[in-house]
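Take a look at the structure set out below.
Residue numbers (our numbering): 38 to 405.
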């Protein structure tokens, strides 16, 4: 997380990493000794839930009068931060994104269960904060924690998340209707491209000390520059950085598409393998293919367990006894005596399969 101050303005940009909660408290405590009113300007896509909770508690308990201004994006845990402050403003083209807390664990089943219980407790805490802020019940705010929920300035003001809409310092990056296909990181980076340009940096209230801002840019984008480098050098370095980022993004998109195609081909081959030998019409198989494509291979396998496959013939029995129904084939003119000589087993089988034919041969032999 990048923290920088200019007079009584405290800028919070980037990811909230582990340990940033203590870092923020230290910085805020220093400012509280100098100022009774502090403005926290946020552009962040969230991060550590626990450190974010420390930051939220510090804001809520601060002896100073805190005001939050959302400059670009306040997503995930950064969106929860604003619930700890009574005075929240938002740029007219900024966005808030809320969702349930998430995390990953490694270990035993017990470890995963403990992590899941902890996430549920954190989610309950989020619901309580939201319900208190929106002056409603916890059940009414559950929808804001189901999936990613992007909220623009007008909606945020209407439902009571913020108190004021302020003019934006940069042009609108992406329309509200296109946000569903974007991650919080992508939206953050899009706004960073303008919020961290020299023109935006030096405008009005966002007027940082030049060396401080250069230090922020070097840290945020890992630039191979120094604070003494010219503004032109910074602009060119940022252009190159964004060009590299865009190139990497396209590469990742192509790689993702290739992997998805390979996975699709694998699943289609597995479906065909599962359907091989299944006693079903082509119409039924088409339905099974759709089940496999939409519900997964496990679901298809479960369904096919109850579908009867044709039973393979008993080859050893056929070799030994001949196949059923073929005893007379090519032997229609044989006499009883010829049967006894050439195929006594077949004659025995004929007595079982075609008793009438057997009786005719027998009577002809013994003139009955």
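Just so you know, even glycine gets a beta-carbon here, dropped at the ideal spot from N, CA and C.
Within 8 Å, strictly: CB atoms of residue i and residue j
i: residue 134; j: residue 187; result: yes
i: residue 39; j: residue 257; result: yes
i: residue 341; j: residue 307; result: no
i: residue 83; j: residue 114; result: yes
i: residue 85; j: residue 57; result: yes
i: residue 315; j: residue 199; result: no
i: residue 197; j: residue 172; result: yes
i: residue 103; j: residue 75; result: yes
i: residue 322; j: residue 312; result: yes
i: residue 178; j: residue 168; result: yes
Proximal residues to residue i (C-beta, below 6 Å), its chain only, five neighbours per side dropped
i: residue 61; result: 92
i: residue 170; result: 120
i: residue 357; result: Only weak support exists for where residue 357 lies, its pLDDT of 49 falling under 50; the value from the coordinates is given anyway. Around residue 357: no qualifying Cβ.
i: residue 278; result: 258
i: residue 50; result: 39, 80
i: residue 48; result: 41, 78
i: residue 400; result: none
i: residue 138; result: 86, 156, 159, 160
i: residue 90; result: none
Residue i classed as buried or exposed, judged by whether at least 16 other C-beta atoms fall within 10 angstroms
i: residue 367; result: exposed
i: residue 251; result: buried
i: residue 94; result: exposed
i: residue 111; result: buried
i: residue 284; result: exposed
i: residue 324; result: exposed
i: residue 154; result: exposed
i: residue 398; result: buried
i: residue 286; result: exposed
i: residue 384; result: buried
i: residue 282; result: exposed
i: residue 116; result: buried
i: residue 387; result: buried
Identity of the residue in the options nearest residue i by Cα
i: residue 46; options: 52, 55, 131, 77; result: 77
i: residue 165; options: 206, 156, 145, 175; result: 175
i: residue 65; options: 96, 39, 83, 201; result: 96
i: residue 55; options: 49, 79, 68, 87; result: 87
i: residue 128; options: 370, 327, 67, 205; result: 205
i: residue 329; options: 313, 314, 320, 304; result: 304
i: residue 275; options: 265, 260, 283, 286; result: 260
i: residue 182; options: 157, 295, 324; result: 157
i: residue 52; options: 81, 42, 386, 325; result: 81
i: residue 394; options: 373, 381, 336; result: 373
i: residue 72; options: 63, 266, 101, 381; result: 101
i: residue 402; options: 376, 268, 387; result: 376
i: residue 309; options: 326, 317, 43; result: 326
i: residue 201; options: 105, 43, 371, 392; result: 105
The ligand FAD heavy atom lying under 7 Å from the CB of residue i
i: residue 294; result: Within the structure as shown, the ligand FAD is missing, as the structure has no ligands at all.
Proximal residues to residue i (C-beta, below 8 Å), its chain only, five neighbours per side dropped
i: residue 69; result: 75, 99, 100, 101
i: residue 412; result: The chain is shown only over 38 to 405; residue 412 falls outside these bounds and no answer can be derived.
i: residue 180; result: 186
i: residue 380; result: 368
Any C-beta of chain B under 8 Å from that of residue i
i: residue 257; result: The structure shown contains no chain B, having only a single protein chain.
Cβ-based neighbour list, residue i, same chain, cut-off 7 Å, excluding 5 preceding and 5 following
i: residue 360; result: Reliability of the predicted coordinates at residue 360 is poor, the pLDDT of 47 falling under 50, and the value obtained from them is presented with this limitation in mind. So no residue of the chain qualifies.
i: residue 319; result: none
* Examine the Cβ distances between the region 149-158 and the region 110-123 and report whether three or more of them are shorter than 8 Å. => no
* Asked: Would you call the region 124-143 and the region 174-191 in contact, with 3 or more CB pairs under 8 Å?
  -> yes
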